[in-house]
Amino acid sequence: MVQTIPARIAKVLDRLHAEAAEDAGRWQARVGTTDPATLKAGGGDLVRLGEFYLAVTPDEGRLLHILARAKGAMNVVEFGASYGLSSLYLAAALEGRGGRLTTTEVHPDKCAALRRTFDEAGVADTVTLLEGDARETLADVEGPIDMLVLDGWKSMYLPVHDLLRPCLAPGCLIVADNIDHEAAADYLVFVRGPHSGMMTTVIGDLALSYVGQ
Numbered sequence: 001m002v003q004t005i006p007a008r009i010a011k012v013l014d015r016l017h018a019e020a021a022e023d024a025g026r027w028q029a030r031v032g033t034t035d036p037a038t039l040k041a042g043g044g045d046l047v048r049l050g051e052f053y054l055a056v057t058p059d060e061g062r063l064l065h066i067l068a069r070a071k072g073a074m075n076v077v078e079f080g081a082s083y084g085l086s087s088l089y090l091a092a093a094l095e096g097r098g099g100r101l102t103t104t105e106v107h108p109d110k111c112a113a114l115r116r117t118f119d120e121a122g123v124a125d126t127v128t129l130l131e132g133d134a135r136e137t138l139a140d141v142e143g144p145i146d147m148l149v150l151d152g153w154k155s156m157y158l159p160v161h162d163l164l165r166p167c168l169a170p171g172c173l174i175v176a177d178n179i180d181h182e183a184a185a186d187y188l189v190f191v192r193g194p195h196s197g198m199m200t201t202v203i204g205d206l207a208l209s210y211v212g213q
């Protein structure tokens, strides 16, 4: 098997995936269920406590990594880092080529953990972490952006897209996770619409969009 993720990053990913696997137990303790429908519905106040990883699976992470490498992405923006699993998969695709990842997170405890994680994985020079409300922190991000990953608050997918749209390069790839969440419905309607300027397909709970010329 071809391995394009450096060992130092893979080691941190293994640890984070193991920690993320405990999310179900944390939900059980908090809300008394591990039913997927309940977990997906969330409960914003609980999530804001910052104890939940809300992480991509290993397969989803590898998909992000493959897409970024195949795209030859050099300027990637991620909305919603959580504890940084998706960020590490993306950073592994960018480092060594002069690529940059800009990622966002609103929870201060998660931001502190992210900084430690990026240092541990040796990607701090590749990743810029913006702490706070992404609608504010992303306002000064420079384009052209050639890959955008949406994996934060689902109700903010469309506002974040609208904020960054002027910076999206022709041919930009947009990956939106958990697109089956009801709060992301307006985003999905838009990207599938005739005036979006995109081609969009949905695979599982991922929406992949290609921004036209």
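Under the working numbering, residues 1 to 213 are what the sequence shown spells out, in order.
For glycine and all other residues, C-beta sits at the position ideal for the given N, C-alpha and C.
Would you mind stating whether residue 8 and residue 122 have Cβ atoms separated by less than 7 Å? One-based indexing of the sequence shown puts residue 8 at position 8. One-based indexing of the sequence shown puts residue 122 at position 122. Less than 7 Å divides the Cβ of residue 8 from the Cβ of residue 122.
Could you check how far apart the C-beta atoms of residue 137 and residue 104 are, in whole angstroms? I think they sit under 8 Å. By 1-based counting over the sequence shown, the position of residue 137 is 137. By 1-based counting over the sequence shown, the position of residue 104 is 104. A Cβ-Cβ distance of about 6 Å is found for the pair residue 137 and residue 104, placing them in contact under the 8 Å criterion.
Could you check if residue 102 is buried or exposed, using at least 16 other CB atoms within 10 Å of its CB as the buried criterion? Here residue 102 corresponds to residue number 102 of the sequence shown, with the count starting at 1. Its Cβ being crowded by 16 or more others within 10 Å, residue 102 is buried.
Between residue 64 and residue 89, is the Cβ-Cβ spacing less than 7 Å? Here residue 64 corresponds to residue number 64 of the sequence shown, with the count starting at 1. Here residue 89 corresponds to residue number 89 of the sequence shown, with the count starting at 1. With contacts defined by Cβ atoms closer than 7 Å, residue 64 and residue 89 form a contacting pair.
At what residues does the alpha helix (DSSP H) containing residue 54 begin and finish? The residue labelled residue 54 in the question sits at position 54 within the sequence shown. It is not in any alpha helix (DSSP H) - residue 54 carries neither H nor E in the DSSP assignment.
Using DSSP with H/G/I as helix, E/B as strand and the rest coil, what is residue 84? Indexing the sequence shown from 1 puts residue 84 at position 84. In the structure shown, residue 84 sits in coil (DSSP, three-state: anything other than H, G, I, E or B).
Identify the residues that DSSP records as bridge partners of residue 91: which are they? If you number the sequence shown from 1, residue 91 lands on position 91. Partner residues in a beta bridge of residue 91, as assigned by DSSP, do not exist.
On a Cα-Cα basis, can you pick out the residue from 77, 59, 3, 85 that is closest to residue 13? On the sequence shown, position 13 is the one that residue 13 refers to. Distance check between residue 13 and each of 77, 59, 3, 85 places 85 closest, using alpha-carbon atoms only.
Could you tell me the distance, in whole angstroms, from the CA atom of residue 98 to the CA atom of residue 141? Numbered from its first residue, the sequence shown carries residue 98 at position 98. Numbered from its first residue, the sequence shown carries residue 141 at position 141. Residue 98 and residue 141: Cα-Cα distance of roughly 17 Å.
Quick check on DSSP: helix, strand or coil for residue 174? As a first step, residue 174 must be located in the sequence shown, where it is residue number 174. DSSP places residue 174 in strand when its eight states are reduced to three.
With DSSP as the reference, label residue 202 as helix, strand or coil. By 1-based counting over the sequence shown, the position of residue 202 is 202. Reduced to three states, the DSSP call for residue 202 is strand.
When the Cα of residue 92 is compared with those of 127, 59, 109, which residue comes out closest? Residue numbering aside, residue 92 sits at position 92 when the sequence shown is read from its first letter. Proximity to residue 92 across 127, 59, 109 peaks at 127, based on C-alpha coordinates.
Tell me, to the nearest whole angstrom, how far the beta carbon of residue 174 is from that of residue 209; I am working on the premise that it is less than 8 Å. Mapped onto the sequence shown, residue 174 falls at position 174. Mapped onto the sequence shown, residue 209 falls at position 209. That pair is a contact at about 4 Å.
So what does residue 100 bridge to, in DSSP terms? Position 100 of the sequence shown, counted from the start, is the residue given in the question as residue 100. Beta bridge pairing from DSSP links residue 100 with 75.
Burial state of residue 145, where buried means 16 or more other Cβ atoms lie within 10 Å: Start at 1 with the first residue of the sequence shown, and residue 145 comes out as number 145. Label assigned to residue 145: buried.
Can you give me the start and stop residues for the beta strand (DSSP E) that residue 120 sits inside? As a working note, residue 120 is residue 120 in the sequence shown. In the DSSP assignment, residue 120 falls outside any beta strand (DSSP E) and lies within the alpha helix (DSSP H) extending over 108-121.
Given residue 166, which residues of its chain have a CB within under 8 Å of its CB, disregarding the five upstream and five downstream residues? Start at 1 with the first residue of the sequence shown, and residue 166 comes out as number 166. Excluding residues within five positions, the ones whose Cβ falls inside 8 Å are 143.
Residue 126, enclosing alpha helix (DSSP H) - first and last residue: As a working mapping, residue 126 is identified with position 126 in the sequence shown. For residue 126, there is no enclosing alpha helix (DSSP H), as DSSP gives it neither H nor E.
Determine the direct distance from the alpha carbon of residue 110 to that of residue 39, and round the result to whole angstroms. Residue 39 sits at position 39 when you count from the first residue of the sequence shown. Residue 110 sits at position 110 when you count from the first residue of the sequence shown. Any reading at residue 39 needs caution, since the residue's pLDDT is 49, under 50, leaving its predicted position unreliable; the model's value is listed next. In this model, residue 39 and residue 110 are separated by some 19 Å (Cα to Cα).
Can you find the residues in the same chain that come closer than 6 Å, C-beta to C-beta, to residue 184, ignoring five residues on each side of it along the sequence? As a position in the sequence shown, residue 184 is number 184, starting the count at 1. For residue 184, where only same-chain residues beyond five positions count, the Cβ hits under 6 Å are 154, 157.
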